[in-house]
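Asks:
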Amino acid sequence: MTKATTTLIGLGDNDAQFNVYIGNRPDFDFNVSDDNVHPMSKGEIYACGQACGNGWRKVFNVYAKLVFACTSERVGTKEYHCWQDYRDQKLLQLKSGTSLMFTPPSFAVPAAPAPPAVHIIMGRTYANSLKLPHGLTWLDNEFAINHEHQIIVCPYFDYRQLSNIKIIRLVELIAELNSKKAHHET
Numbered sequence: 132m133t134k135a136t137t138t139l140i141g142l143g144d145n146d147a148q149f150n151v152y153i154g155n156r157p158d159f160d161f162n163v164s165d166d167n168v169h170p171m172s173k174g175e176i177y178a179c180g181q182a183c184g185n186g187w188r189k190v191f192n193v194y195a196k197l198v199f200a201c202t203s204e205r206v207g208t209k210e211y212h213c214w215q216d217y218r219d220q221k222l223l224q225l226k227s228g229t230s231l232m233f234t235p236p237s238f239a240v241p242a243a244p245a246p247p248a249v250h251i252i253m254g255r256t257y258a259n260s261l262k263l264p265h266g267l268t269w270l271d272n273e274f275a276i277n278h279e280h281q282i283i284v285c286p287y288f289d290y291r292q293l294s295n296i297k298i299i300r301l302v303e304l305i306a307e308l309n310s311k312k313a314h315h316e317t
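Residues in the sequence shown are numbered consecutively from 132, following my numbering.
1. What distance in whole Å lies between the Cβ atoms of Met253 and Cys285, which are believed to be in contact at a cut-off of 8 Å?
2. Since Tyr290 sits in a beta bridge, which residues does DSSP pair it with?
3. Would you list the residues sitting across from Ser230 in a DSSP beta bridge?
4. Applying the 10 Å Cβ sphere with the 16-neighbour rule, what's the burial state of Lys134?
5. Hey, Phe233 and Ile153: beta-carbon distance below 9 Å or not?
6. Taking contact to mean 3 or more Cβ pairs, one atom from each stretch, closer than 8 Å, check whether the segment 179-195 and the segment 216-224 are in contact.
7. DSSP three-state label for Asn259, please.
8. Run through the segment 173-203 for me and flag every whole alpha helix (DSSP H) of 4 or more residues, listed as ranges in chain order.
9. With distances taken Cα to Cα, identify the nearest neighbour of Ile305 among Ser172, Trp187, Gln292, Val198.
10. Give the single residue among Gln281, Gly266, Arg255 whose Cα lies nearest to the Cα of Asn272.
11. Kindly give me the distance between the Cβ atoms of Leu231 and Leu225, rounded to whole angstroms, as I take these residues to be in contact under 8 Å.
12. Measuring straight from C-alpha to C-alpha, what distance separates Ala258 and Gly143?
13. Taking all protein chains shown into account, do 16 or more other C-beta atoms lie within 10 angstroms of the C-beta of Leu308, making it buried, or fewer, making it exposed?
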């Protein structure tokens, strides 16, 4: 394997353990260059939703609902009373443990040791366009998983495509990855 040298472009925490990949990018000025991960500040999610429309508002809302539903140690949500507070005060910010990536995932060996991260790819069509590692197991028409690389493919982050019931299923798949990871570490 090669050392990780791929340029990553996205929003959130550069050291995130909870990474979501999307095939499009909001038309919004985040004052960021095209070669890094930009931590959002309070109010930027709201401003992006206002400027870029309902679709982006839904992406951020579903992301916050998903992370809030996870009881993982990867990202801390216990101090927030509801997913809306979490979204507005921590999601995609510095030290949030979360990222929204506009570039494909890289599976090269990191230059420095890092804990394994979960990689969630939004949408079957986008997933099929990527050069993902072999071993992606499709569980049905919407969800796929690869335990070795900690990858999950799920429906696009939209209320109709990733409903509350499907968010629960995604949380269960994330827990499955976490339990497999813990089993391999012992």
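C-beta atoms are modelled at their ideal positions from N, C-alpha and C, and glycine is treated no differently.
Replies: In short:
1. 7 Å
2. Per DSSP, none; premise fails for Tyr290.
3. Gly143, Asn150
4. Below a pLDDT of 50, predicted positions are generally treated as unreliable, and Lys134, at 44, falls in that range; the measurement from the model is reported next regardless. Under this definition Lys134 is an exposed residue.
5. yes
6. yes
7. helix
8. 175-183, 185-200
9. Val198
10. Arg255
11. Contact flag wrong, Cβ pair sits at about 14 Å.
12. 21 Å
13. buried
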